[in-house]
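Notes to accompany the following structure.
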Amino acid sequence: MKAICWEGINKVSTERVPDPTILNPRDAIVRVFLSSVCGSDLHLLGGYIPAMRSGDIIGHEFMGEIVEVGPEVKNLKKGDRVVVCSVLACGGCEYCDREEYSLCDNSNAEPEWTEKAYGYPVAGIFGYSHALGGYAGSHAEYTRVPFADNVCFKVPDGVSNESALFTSDAFPTGYMAADFAGIEPGDTVVVWGCGGVGLMAMHSAWLLGAGRVIAIDQYPYRLEQARLRANAEVLNFKEVDVLEALKQMTGGRGPDRCIDCVGMEANSTGIEKVYDYAKQYARLQSDRPSVLRQAIMACRKGGTVSIIGVYGGLIDKFPMGPAMNKGLTFRMGQQFGQRYIPKLLDIVARGEVDPAYLLTHKLPLDKGQEGYMMFKEKANNNMRSVFAPAG
Amino acid sequence: MANAFKTFGPPHSNQSARQGQTKSFTNVGTSGRVLSVLGGAALAYYGWGRKQSPLGKSLATAGGYLVLRGTTGFCPFNEVLHVDTAHPETQGFEVTSSVTILKPREEVYQFWRQLENLPRFMQYLEDVRRTGPRRSHWVAKVPKNIIYKEKLTTIEWEAEITHEEENSLIAWRSLPGSEVENSGEVRFTDAPANRGTVVQATISYRPPAGAAGQLAARLLNPAFKELVKQDVRRFKRLLEAGEIPTIIGQPSGRKDENY
Ligand SMILES: NC(=O)c1ccc[n+]([C@@H]2O[C@H](COP(=O)([O-])OP(=O)(O)OC[C@H]3O[C@@H](n4cnc5c(N)ncnc54)[C@H](O)[C@@H]3O)[C@@H](O)[C@H]2O)c1
Ligand SMILES: [Zn+2]
Ligand SMILES: [Zn+2]
Numbered sequence: 540m541k542a543i544c545w546e547g548i549n550k551v552s553t554e555r556v557p558d559p560t561i562l563n564p565r566d567a568i569v570r571v572f573l574s575s576v577c578g579s580d581l582h583l584l585g586g587y588i589p590a591m592r593s594g595d596i597i598g599h600e601f602m603g604e605i606v607e608v609g610p611e612v613k614n615l616k617k618g619d620r621v622v623v624c625s626v627l628a629c630g631g632c633e634y635c636d637r638e639e640y641s642l643c644d645n646s647n648a649e650p651e652w653t654e655k656a657y658g659y660p661v662a663g664i665f666g667y668s669h670a671l672g673g674y675a676g677s678h679a680e681y682t683r684v685p686f687a688d689n690v691c692f693k694v695p696d697g698v699s700n701e702s703a704l705f706t707s708d709a710f711p712t713g714y715m716a717a718d719f720a721g722i723e724p725g726d727t728v729v730v731w732g733c734g735g736v737g738l739m740a741m742h743s744a745w746l747l748g749a750g751r752v753i754a755i756d757q758y759p760y761r762l763e764q765a766r767l768r769a770n771a772e773v774l775n776f777k778e779v780d781v782l783e784a785l786k787q788m789t790g791g792r793g794p795d796r797c798i799d800c801v802g803m804e805a806n807s808t809g810i811e812k813v814y815d816y817a818k819q820y821a822r823l824q825s826d827r828p829s830v831l832r833q834a835i836m837a838c839r840k841g842g843t844v845s846i847i848g849v850y851g852g853l854i855d856k857f858p859m860g861p862a863m864n865k866g867l868t869f870r871m872g873q874q875f876g877q878r879y880i881p882k883l884l885d886i887v888a889r890g891e892v893d894p895a896y897l898l899t900h901k902l903p904l905d906k907g908q909e910g911y912m913m914f915k916e917k918a919n920n921n922m923r924s925v926f927a928p929a930g
Numbered sequence: 055m056a057n058a059f060k061t062f063g064p065p066h067s068n069q070s071a072r073q074g075q076t077k078s079f080t081n082v083g084t085s086g087r088v089l090s091v092l093g094g095a096a097l098a099y100y101g102w103g104r105k106q107s108p109l110g111k112s113l114a115t116a117g118g119y120l121v122l123r124g125t126t127g128f129c130p131f132n133e134v135l136h137v138d139t140a141h142p143e144t145q146g147f148e149v150t151s152s153v154t155i156l157k158p159r160e161e162v163y164q165f166w167r168q169l170e171n172l173p174r175f176m177q178y179l180e181d182v183r184r185t186g187p188r189r190s191h192w193v194a195k196v197p198k199n200i201i202y203k204e205k206l207t208t209i210e211w212e213a214e215i216t217h218e219e220e221n222s223l224i225a226w227r228s229l230p231g232s233e234v235e236n237s238g239e240v241r242f243t244d245a246p247a248n249r250g251t252v253v254q255a256t257i258s259y260r261p262p263a264g265a266a267g268q269l270a271a272r273l274l275n276p277a278f279k280e281l282v283k284q285d286v287r288r289f290k291r292l293l294e295a296g297e298i299p300t301i302i303g304q305p306s307g308r309k310d311e312n313y
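Those sequence lines, one after another, are chains A and B. As numbered in the numbering used here, the first sequence has no gaps in its residue numbers, which increase by one up to the final residue, 930. As numbered in the numbering used here, the second sequence has no gaps in its residue numbers, which increase by one up to the final residue, 313.
Rendered as structure tokens:
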């Protein structure tokens with residue numbers, strides 16, 4: 540079959556590789572209909588996630604059809620149309636029991652990496668480096684899905700492939716960000732980043748009772764989506780002083796809930812930008828945390844900072860004093876997809892939110908490099924490139 | 055790897071043949087040999103699978119060395135150090151690893167007590183068969199040669215359960231005179247707040263005595279620690295998830311590897 544493989548920094552290539560087979564009793568094989576790029580992949584492309592090996596098949600947000608199941612798969616059968624959660628979960632450990640699926644004890648096939656780096660191993664994720672299990676990703680004609688009963692969700696009739704796709708990763712991630720923000724009725728919620736994840740966080744903030752949603756980015760076409768689709772007030776951080784603007788907009792009080800949907804590759808301006816790039820380049824910090832710093836500074840006293848943009852390692856100049864003295868609450872994590880996907884599929888089926896608009900460019904697997912570069916450069920008003928192996 | 059074999063060739067190689075007739079060709083005692091093969095294989099397996107990392111590389115190298123030492127009865131370091139360890143040895147070392155499993159204590163205990171289950175999660179065990187109420191026959195698979203590791207050789211020994219407390223403890227020991235000297239003890243206790251069962255496994259080995267033996271023990275200890283830890287984790291995964299996750303055999307763009 541064809542698959543998109545990571546080759547090195549900013550380089551992917553479409554290769555012929557063997558078809559996947561059932562390796563464990565709970566495995567299923569999914570024929571991939573749609574597989575999306577994600578902001579998380581940019582961290583792989585940028586070389587910020589160690590433990591990538593050239594030849595690794597990438598891609599983690601996908602949907603398709605079951606073509607084969609292992610002997611211990613109970614709830615799925617050949618022909619089922621499913622969306623597949625990006626995060627693998629065994630269903631039997633303490634963390635799965637708590638519905639903290641991305642903390643699953645057992646789904647990472649190469650637990651030694653994160654056990655050393657983080658103290659304890661974290662869950663496996665499709666196509667997201669050997670630190671997160673080394674699993675072959677979904678930008679391929681077929682993908683093996685371990686623990687299939689816990690990772691595949693049947694798509695309700697009447698929900699299109701395009702609408703179901705983003706309930707794999709972008710929507711549950713954005714929803715968890717809003718959920719973790721602890722929104723109370725009428726709260727002012729600020730979302731940094733108007734990519735797929737940020738936009739889904741805005742829709743979710745409304746669903747969870749926000750009174751006001753403010754979106755921050757630098758790309759006018761993305762801010763436009765936030766305004767039109769997610770009913771947000773928008774700020775361009777290249778044009779305004781974000782901290783000052785947020786203060787003005789909230790009567791000097793500050794926003795209640797601040798959500799970071801940007802993560803370790805945040806762009807910034809001025810001296811902070813030079814400083815963070817230089818440090819990241821010199822490997823003195825692995826992540827560029829300008830959004831996180833800004834969110835902490837912007838947040839009202841006693842408010843919440845919810846971090847769903849991904850960080851991998853160390854950050855520098857973390858404003859601990861402001862966080863501590865303002866009594867902020869922090870929540871963060873890789874998405875607990877399995878907790879939210881059934882509910883989100885219902886929301887999509889009822890037409891309350893239709894994430895299909897994130898799909899701006901549908902491409903064949905052969906256009907892997909082109910699809911990724913367009914997404915990375917935010918060219919052609921690209922929100923998400925989505926590969927459709929069968930056309 | 056190949057270098058280790060070239061540099062430290064066994065006695066029939068030219069290099070060692072020059073060293074005269076007074077020296078025995080076998081300077082490693084029996085249990086040292088077997089432990090070397092077993093430990094070396096484990097070490098090499100562990101290291102080989104991770105040969106991308108520096109730790110993996112050094113483990114694979116150390117493992118290759120120990121396999122060589124075990125299968126040939128010849129220790130290049132002994133040769134260099136002029137140490138003969140083919141005498142009864144005294145000191146042992148042990149590795150302890152614990153894990154919490156979200157299953158009732160009875161279930162966890164019974165699974166382990168059914169010794170036939172051990173090869174399902176212990177990576178180097180091929181087969182365990184009960185031969186009496188307390189006795190069992192153990193078979194381990196180890197590669198003859200680290201480079202052609204598909205050529206497996208087996209080592210067998212007898213063990214007996216020395217102590218047992220229903221749902222709390224199992225201890226076993228290899229019988230005197232068996233090829234491999236080792237023992238183990240596993241404790242099962244309730245985790246606090248109904249969070250399942252804490253399993254604490256202690257595995258003991260007897261390395262060969264002498265300077266090289268101690269060196270081997272020091273080399274081995276971290277690798278065995280890792281191996282025991284991995285096996286205990288595999289036990290947890292088998293019980294909680296019903297299987298042990300793997301990526302071996304999946305597709306990738308690398309033509310020379312099967313994951
Ligand atoms: N936690 C999870 O489980 C999970 C899952 C999926 C994605 N993510 C993370 O979410 C983040 C966003 O993903 P995405 O797919 O939306 O990516 P994306 O690249 O499409 O969007 C990121 C956006 O952030 C904007 N941005 C950069 N610097 C900014 C700044 N200083 N202030 C405001 N906006 C800024 C960019 O212009 C861009 O539009 C990534 O870090 C990704 O890794 C996390
Ligand atoms: Zn993602
Ligand atoms: Zn789990």
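In this text, a Cβ means the ideal position worked out from N, Cα and C, and glycines have one as well.
query = Along the chain, where does the beta strand (DSSP E) that runs through B/N236 open and close?
reply = Indexing the second sequence from 1 puts residue 236 of chain B at position 182. That run of the beta strand (DSSP E) goes 236-244.
Coarse secondary structure for A/C797, derived from DSSP in three states = Residue mapping note: residue 797 of chain A aligns to position 258 of the first sequence, counting from 1. Note: A/C797 maps to strand in three-state DSSP.
query = How far does the alpha helix (DSSP H) with B/L156 in it reach, from first residue to last?
reply = Working through the second sequence from its first residue, we reach residue 156 of chain B at position 102. Counting along the chain, B/L156 falls outside any alpha helix (DSSP H), and DSSP gives it neither H nor E.
message = Below 6 Å, is the gap between the Cβ of A/N645 and the nearest heavy atom of ligand 3?
response = Locating residue 645 of chain A in the first sequence gives position 106, counting from the first residue. A/N645 has its CB nearer than 6 Å to a heavy atom of ligand 3.
task = Specify, as a first and last residue, the run of the beta strand (DSSP E) that A/A542 falls within.
result = Locating residue 542 of chain A in the first sequence gives position 3, where the first residue counts as 1. Start and end: 541-547.
request  = Would you mind giving the Cβ-Cβ distance between A/L747 and A/A709, rounded to the nearest angstrom? I have them listed as a contact below 8 Å.
outcome  = Numbered from its first residue, the first sequence carries residue 747 of chain A at position 208. Numbered from its first residue, the first sequence carries residue 709 of chain A at position 170. No, A/L747 and A/A709 are not in contact; Cβ-Cβ is about 17 Å, not under 8 Å.
query = Closer than 7 Å, CB to CB, is B/A114 near chain A or not?
reply = The residue given as residue 114 of chain B occupies position 60 in the second sequence. Low local confidence applies: a pLDDT of 46 at B/A114 is under 50, so the model's placement there is unreliable, and no value is given.
message = Closer than 8 Å is the cut-off here; do at least three beta carbon pairs connect the stretch 671-678 of chain A with the stretch 862-872 of chain A?
response = Flag = no, the stretch 671-678 of chain A and the stretch 862-872 of chain A do not touch.
message = Once the 5 residues before and after B/A255 are set aside, which same chain residues still bring their CB inside 6 Å of it?
response = Along the second sequence, read from residue 1 onward, the residue named residue 255 of chain B stands at position 201. So the qualifying residues of the chain are S151, V240, V286.
inquiry  = Let me see if you follow: with CB-CB separation under 7 Å, is A/E916 close to chain B or not?
reply    = Here residue 916 of chain A refers to the residue found at position 377 when the first sequence is read from its first residue. False, the Cβ-Cβ gap to chain B never drops below 7 Å.
message = Looking at chain B, is there any beta carbon in it that lies within less than 7 Å of the beta carbon of A/E633?
response = In the first sequence, residue 633 of chain A corresponds to position 94, counting from 1. Answer yes: the Cβ-Cβ gap between A/E633 and chain B drops below 7 Å somewhere.
request  = Could you tell me the distance, in whole angstroms, from the CA atom of B/N236 to the CA atom of A/G910?
outcome  = Position 182 of the second sequence, counted from the start, is the residue given in the question as residue 236 of chain B. Position 371 of the first sequence, counted from the start, is the residue given in the question as residue 910 of chain A. Taking the straight line joining both Cα atoms gives about 57 Å.
request  = Please state whether DSSP places A/Y758 in a helix, a strand or coil.
outcome  = Along the first sequence, read from residue 1 onward, the residue named residue 758 of chain A stands at position 219. Reduced to three states, the DSSP call for A/Y758 is coil.
query = Closer than 6 Å: is that where the CB of A/C800 sits relative to any heavy atom of ligand 2?
reply = Start at 1 with the first residue of the first sequence, and residue 800 of chain A comes out as number 261. A/C800: no, Cβ never under 6 Å from ligand 2.
message = Under 8 Å: do the stretch 601-612 of chain A and the stretch 835-855 of chain A share three or more Cβ pairs, one atom per stretch?
response = no
task = Verify whether the separation of the beta carbon atoms of B/K157 and B/L292 is less than 7 Å.
result = Here residue 157 of chain B refers to the residue found at position 103 of the second sequence. Here residue 292 of chain B refers to the residue found at position 238 of the second sequence. A distance of 7 Å or more separates the beta carbons of B/K157 and B/L292.
request  = With DSSP as the reference, label A/M871 as helix, strand or coil.
outcome  = Here residue 871 of chain A is taken as the residue at index 332 of the first sequence, counted from 1. Reduced to three states, the DSSP call for A/M871 is strand.
task = Output the residue ranges of the alpha helix (DSSP H) runs that lie fully inside the stretch 759-837 of chain A and measure 4 residues or longer, sorted by chain position.
result = 759-767, 781-788, 809-820, 829-837
inquiry  = Under 8 Å, CB to CB, which of the residues in the stretch 576-597 of chain A have a partner in chain B?
reply    = R592, S593, G594, D595, I596
ask   = Closer than 6 Å: is that where the CB of A/D595 sits relative to any heavy atom of ligand 2?
value = Mapped onto the first sequence, residue 595 of chain A falls at position 56. Flag unset: Cβ of A/D595 not near ligand 2.
ask   = Where does A/D815 land, buried or exposed, given buried means 16+ other C-beta within 10 angstroms?
value = For the purposes of this step, residue 815 of chain A is identified with residue 276 of the first sequence, where counting begins at 1. By the 10 Å Cβ count, A/D815 comes out buried.
ask   = Which residue from A/R555, A/V622, A/D636 puts its Cα closest to that of A/I880?
value = If you number the first sequence from 1, residue 880 of chain A lands on position 341. That would be A/V622, whose Cα lies nearest to the Cα of A/I880.
task = Check the Cβ-Cβ distances between B/Y99 and every residue of chain A, and say whether any is below 7 Å.
result = The sequence position of residue 99 of chain B within the second sequence is 45, counting from 1. Any answer about B/Y99 is weak, because its pLDDT of 43 lies below 50 and its placement is not dependable; what the coordinates show is given next. No, B/Y99 does not count as interfacial toward chain A.
inquiry  = Here's the rule I'm using: 16 or more other beta-carbon atoms within 10 Å means buried, otherwise exposed. How should A/A821 be labelled?
reply    = Within the first sequence, numbered from 1, the residue matching residue 821 of chain A stands at position 282. A/A821 is exposed by the Cβ-count criterion.
query = B/N132 CB to nearest chain A CB: under 7 Å?
reply = Counting from one through the second sequence, the residue named residue 132 of chain B turns up at place 78. Bear in mind that a pLDDT of 40 at B/N132, under 50, signals an unreliable position, so the model cannot answer this.
task = State yes or no: is the beta carbon of A/C629 nearer than 7 Å to at least one beta carbon in chain B?
result = Here residue 629 of chain A is taken as the residue at index 90 of the first sequence, counted from 1. Yes, A/C629 lies at the interface with chain B (some Cβ there is under 7 Å from its Cβ).
task = Determine, using beta carbons only, whether A/C838 and A/C800 come nearer to each other than 7 Å.
result = Along the first sequence, read from residue 1 onward, the residue named residue 838 of chain A stands at position 299. Along the first sequence, read from residue 1 onward, the residue named residue 800 of chain A stands at position 261. Against a cut-off of 7 Å, the Cβ pair of A/C800 and A/C838 comes out as no contact.
Reduced DSSP category for B/R287 - H, G, I as helix; E, B as strand; rest coil = The sequence position of residue 287 of chain B within the second sequence is 233, counting from 1. Three-state DSSP puts B/R287 in a helix.
Cβ-heavy atom distance, A/A628 to ligand 3, below 6 Å = To locate residue 628 of chain A, count along the first sequence from 1; it is residue 89. Indeed, a heavy atom of ligand 3 lies less than 6 Å from the Cβ.
For A/P564 and A/P650, the rounded distance between their alpha carbons = One-based indexing of the first sequence puts residue 650 of chain A at position 111. One-based indexing of the first sequence puts residue 564 of chain A at position 25. One C-alpha to the other measures close to 20 Å.
ask   = Any heavy atom of ligand 2 closer than 6 Å to the Cβ of A/C577?
value = In the first sequence, residue 577 of chain A corresponds to position 38, counting from 1. Yes; taking the cut-off as 6 Å, the Cβ of A/C577 has a heavy atom of ligand 2 nearer than that.
key: Neighbour-count burial assignment, A/R827, 16 or more Cβ in a 10 Å radius   = One-based indexing of the first sequence puts residue 827 of chain A at position 288. A/R827 comes out buried.
message = Does the distance between the C-beta of A/C733 and the nearest non-hydrogen atom of ligand 1 fall short of 6 Å?
response = As a working note, residue 733 of chain A is residue 194 in the first sequence. The answer is yes for A/C733.
key: Whether A/W545 touches A/D619 by CB criterion (7 Å)   = Taking the first sequence and counting its residues from 1, the one referred to as residue 545 of chain A is at position 6. Taking the first sequence and counting its residues from 1, the one referred to as residue 619 of chain A is at position 80. Taking 7 Å as the cut-off, the Cβ atoms of A/W545 and A/D619 do not count as close.
request  = Run the proximity test for A/R761: is its beta-carbon closer than 6 Å to any non-hydrogen atom belonging to ligand 1?
outcome  = For the purposes of this step, residue 761 of chain A is taken as the residue at position 222 of the first sequence. Yes, Cβ of A/R761 sits closer than 6 Å to a heavy atom of ligand 1.
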